[in-house]
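First the structure, in the form of structure tokens, and then the observations on it.
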Amino acid sequence: MDFWVGITDKAWFDFLRSFKPEEVNFWQPSGKALASFLEPGVPFLFKLHAPHNVVVGGGFFVRFSRLPARLAWEAFGIKNGVRDYAELRRRVEQYRSEPLHGDPEIGCNVLTEPFFLEEHEW
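What the sequence shown shows, in my numbering, is residues -19 to 102, in sequence order.
Structure representation (structure tokens):
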């Protein structure tokens, strides 16, 4: 069985866990697709960065697309795991090695049926 483990930060996870949406955008700071085998329905797990290093939830892959960050914000809003576009842009810049110019293109992995474990479950 194929599955993907996406590394994410605790702030993204905690924000989304607080309102448990029916779909999320597991965005990435580059526009590069994660894996060629990701097809609709493949399980996609969330693993936190160090120091946690634990799988804390997941969902099912729907599709990947490259979008300007502004369009990703307009399409997914808070399902991007942030409060507003300015925060999304700051996070993208945080994970890129160079300053942003214009509206950066990001990778958008749309996931459905996300689940979020509570801290006492990890």
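Beta carbons are placed, not taken as given, at the ideal position from N, Cα and C, and that holds for glycine.
query: With DSSP as the reference, label Leu14 as helix, strand or coil.; result: coil
query: Hey, Val36 and Phe26: beta-carbon distance below 8 Å or not?; result: yes
query: Could you name the residues that DSSP lists as bridge partners for Gly(-14)?; result: Phe26
query: Under a Cβ-count criterion, where at least 16 other Cβ atoms within 10 Å of its own Cβ denotes burial, should Trp7 be classed as buried or exposed?; result: buried
query: Among Glu101, Trp53, Ser45, whose alpha-carbon lies nearest the alpha-carbon of Ala13?; result: Ser45
query: Based on Cα-Cα distance, which residue from Arg70, Glu19, Met(-19), Pro94 lies nearest to Val42?; result: Glu19
query: When burial is assigned at 16 or more other CB atoms within 10 Å of the CB, is Gly38 buried or exposed?; result: buried
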